[in-house]
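Here is the structure:
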């Protein structure tokens, strides 16, 4: 007769839970890891306390003159005093509400986008937004004072360049992508040449070209605004990159989709517009956000052709003889703004990627 | 007629024909206007300016250059400086990117998070801003030459740059240089031999210690064979500046830092996603075959990861090269700064000069995409 | 490779297109300006005394005054100017490409610029020469002692050519640090990136007052070049060229004749035939330029004569405190000499 003895109850595996275990597992599992952890902590200590001391503990926030910056740390007074310049450039202060209104409209539009279902309505709304935005910022009608583009500057110009760049480049990018995927040899080689040419040269040379050579292309009397020329250059540049990403999307569409569209007798444009592009764009969106981030960073280059975007405005303000020596504060401020925008966009794109991934499993 | 229009082939040809006509008309319009504008404004055309005297100085030049040289020479100086900064940036960014990418996958939580923070931070800040920060904030804060930071009286850092000793170019120097090349070749040959042996006999051969040994031993041998006559020229403060040795200008340093740090984030991401893309099953299969961790990494994971990671990395090399044109913001004399900048301004022939500059970059990128094609072809999974 | 061959074909096509067509267009800057309602004038924008933007956003300086004078001559209103701030690199192409109608940005008149760039210099509004500024602590008394120095300068100017010539002819070596804008040059000098700042002498004084400690820097006595600075217009439009030229000469002649902002109204009734012709009371000189015959009246009323403009912007009464020197009239020991209004 078999004898069954009661097995001793095992203790709960306490040493696989809790902070201590986590620490051991994640930070001190091997001698190498211990060393790496020590290195990591050293780096943190080397970077964070001095920065906090400079940017917060020893820094000056209050006041309005250079003399108020008596602590050894950062002089945020400089940023506070110049913030209008950073945000709006030389835009007349009495008219700045117009820009703020455009910002406000943007948020209203975003909220509407959340509740609107119809895509065509969304597109229409976006178009209306851009038109209204342009007239509000530029002025010159309905009693609004005209503000010439050489007064535009700061963050506002950065946003204008980035937004207009992307929006203007998108249709061209779609056409180029379709051209590159086309079966017509001449169309394809024109698209390939354009895309590869633009992608092969730095943005700065394109900006030089659009600011110096472009006026020579048109008859005497036809002149473009400096900003418009930069925008043309940026849109031309960006279109090539957008095209490449959309092409990636196009390639991911199974051949069956094309054949099915052909089989039900759709024309080329119907096929592309109704069947292929909606799917391809969906695939391409995360990458397109990536392109937008890159473009947003690239807007700083307009400084080199003499436009005053946010970064250029900071440099200009730091060259003010009264505020000499506070360049660092300005750079930290710009860093924060760019980082905030770019990081939120890249998080957004990761979210989109996850959301769109579900049906591609 | 209408039936003809419904024919897809005919329509295709017609559509292409119209596009070509439109494009040619557009180019003709532009060309016409340009010629008219140039003629009317009396702007000189042609490439004669390339043989004209430049007349201005360039601080850093890998080839000999004086003010009496031509604009053509300026072009080459700028081009070489572009290639130099691109090469240095690529090497450093690859090293840093590899390290950060591997650290991101570290089991150590703190290190993985730090590496991630690095990537998230630096890739989201415009390169131009980083460049200006290094140049205007960090390197400007260095002391004046008379109060330089000195290390062993051989290396000096001040607001004029980094100074370090440089050996004179004599027989010993070149022998040692040659010995490195020989060691490299020998190591490659050894590696090949060991791979072949492994395929034939299954026996392992540790190449690394041998290769390391060669890299240490050969230069030492070369030193004595070459007459043991290695003379260094040391930087020393004379008059306004340091003389002797080699200088890296602040412009060069700032550009190197900015390009390296920025591009490394993208390379790190490529490395990480390459390694992560190798499916888990592959690693498990390797383990179940009884391969050690090191063997599974070397023989199973890395060969597949490299195939995925290399194309984006090469693209980043191309981006780095193009981004080196930002040098014009700090005045490092590469092609955009000296040729599309100073020369353009002296001779004023914008079309020719900007086209030449664009062609340089276009040529580089065509060369790189040829390299990429070759790599993709070579790395294609050979299905048996 | 298909791609490469396409590119080659495309570029060949472009070259072919570029080399064929050749229709000339008529150039009439004056009517363009009148149609626009303002003069597009290229200036520096960051150079005290010559052209700088005040904290109120208003441009001022001796170069700016010339833009205003031309606007006053064309429209009777000195405010009808659209300023385009240009760096040294962009300025000439901006003019060639038609982005601006005239350039008044301390630009040196040289043979090459005049002959091969499709530009015309419409006179000299400031006679300058290139000099050096160093820190007093270096103990340098003469430019001849600058062997081995690092030199900061603005790129895209005649400055870098003059420096090269000067050091070469004196068998000295130097290290060049070049920047795009004067602000960068000044910062480079101030933070010690270089020992010497070189530029036109007038600019050196202007830049020096921007330093945190102006007294610690001195301008060396050597003047190493001739720098006649003046307004520039595009070649091929003689009418516009004459307008800019004679506006400047008008201001010089007004100083010579003693016509000022204050007395211009009274001078309309003078008997002096020179002044009568200048102010358009007698003859139709202005109409020959395509302007009103009394085009100089608003110029003098709103901008002033050359001497007034000089004193207010760069002269002894301004922060720059530059003496007239070469820029005095020919009959007062200088070399400013304007052809007569006749």
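Chains as they are written, first to last, in my numbering: chain F, 1 to 361; chain Y, 1 to 384; chain G, 1 to 342. Heads up, the beta-carbon is just placed ideally off N, CA and C, and yes, glycines get one too.
Under 7 angstroms by beta carbon: chain F residues contacting residue i
i, result
"residue 97 of chain G", "212, 215 and 216"
"residue 183 of chain G", "319"
"residue 212 of chain G", "324"
"residue 133 of chain Y", "331"
Cutoff 8 angstroms: residue i Cβ touching any chain G Cβ
i, result
"residue 265 of chain F", "no"
"residue 154 of chain F", "no"
"residue 345 of chain Y", "yes"
"residue 240 of chain Y", "yes"
Chain-ordered chain F contacts of residue i [CB-CB under 8 angstroms]
i, result
"residue 56 of chain G", "Within chain F, no residue comes near residue 56 of chain G; the closest Cβ sits about 11 angstroms away, beyond 8 angstroms."
"residue 93 of chain G", "212"
Test: residue i CB closer than 8 angstroms to a CB of chain Y
i, result
"residue 36 of chain F", "yes"
"residue 109 of chain F", "no"
"residue 195 of chain F", "no"
"residue 225 of chain G", "no"
"residue 127 of chain G", "no"
"residue 18 of chain F", "no"
Exposed unless 16 or more other CB atoms sit within 10 angstroms - verdict on residue i
i, result
"residue 226 of chain F", "buried"
"residue 65 of chain F", "exposed"
"residue 19 of chain F", "exposed"
"residue 204 of chain Y", "exposed"
"residue 145 of chain F", "exposed"
"residue 350 of chain F", "exposed"
"residue 102 of chain F", "buried"
"residue 109 of chain G", "buried"
"residue 105 of chain Y", "exposed"
"residue 97 of chain F", "exposed"
"residue 23 of chain G", "For residue 23 of chain G, the pLDDT reaches just 31, beneath the cut-off of 50, and the residue's location in the model is therefore unreliable, although a value from the coordinates is still provided. Exposed, by the Cβ-count rule."
"residue 280 of chain Y", "exposed"
"residue 2 of chain G", "Unreliable placement is indicated for residue 2 of chain G, whose pLDDT of 43 sits below 50; the coordinate value is still reported in the next sentence. The residue is exposed, with fewer than 16 neighbouring Cβ atoms inside 10 Å."
"residue 38 of chain Y", "buried"
"residue 71 of chain Y", "buried"
"residue 270 of chain F", "exposed"
"residue 380 of chain Y", "exposed"
"residue 9 of chain G", "Note that residue 9 of chain G scores a pLDDT of 46, beneath 50, so its modelled location is shaky and nothing firm can be said."
"residue 304 of chain G", "buried"
"residue 117 of chain F", "exposed"
"residue 322 of chain F", "exposed"
Beta carbon proximity, residue i to chain F, threshold 8 angstroms
i, result
"residue 340 of chain Y", "yes"
"residue 90 of chain G", "yes"
"residue 22 of chain G", "Unreliable placement is indicated for residue 22 of chain G, whose pLDDT of 31 sits below 50; the coordinate value is still reported in the next sentence. Not an interface residue."
"residue 330 of chain Y", "no"
"residue 107 of chain G", "no"
"residue 12 of chain Y", "yes"
For residue i: DSSP bridge partner residues
i, result
"residue 52 of chain G", "G:46 and G:60"
"residue 234 of chain G", "G:119"
"residue 84 of chain G", "G:42"
"residue 228 of chain G", "G:127"
Chain F residues whose Cβ lies nearer than 9 angstroms to that of residue i
i, result
"residue 107 of chain Y", "25, 26, 29, 30 and 33"
"residue 86 of chain G", "306"
"residue 159 of chain Y", "In chain order: nothing, as chain F lies at least about 15 angstroms away."
Chain-ordered neighbours of residue i on chain Y, where CB pairs are closer than 9 angstroms
i, result
"residue 205 of chain G", "By Cβ distance, chain Y contributes nothing, its closest Cβ being about 24 angstroms from residue 205 of chain G, past 9 angstroms."
Partners in chain Y for residue i, counting only beta-carbon separations shorter than 7 angstroms
i, result
"residue 117 of chain G", "43 and 348"
"residue 236 of chain G", "40, 41 and 42"
"residue 219 of chain F", "33"
Residue i: contacting residues in chain G (beta-carbon distance under 9 angstroms)
i, result
"residue 148 of chain Y", "Result: empty, since nearest Cβ-Cβ is about 11 angstroms, beyond 9 angstroms."
Contact set between the region 164–177 of chain G and chain Y, restricted to residues whose Cβ is under 9 angstroms from the partner: 164, 165, 167, 168, 174, 175, 176 and 177
Interface residues of the region 83–102 of chain F facing chain G [CB-CB below 7 angstroms]: 90
Contact set between the region 34–68 of chain Y and chain F, restricted to residues whose Cβ is under 8 angstroms from the partner: 34, 36, 37, 38 and 40
Residues in the region 250–261 of chain Y having any Cβ partner in chain G nearer than 9 angstroms: 250 and 251
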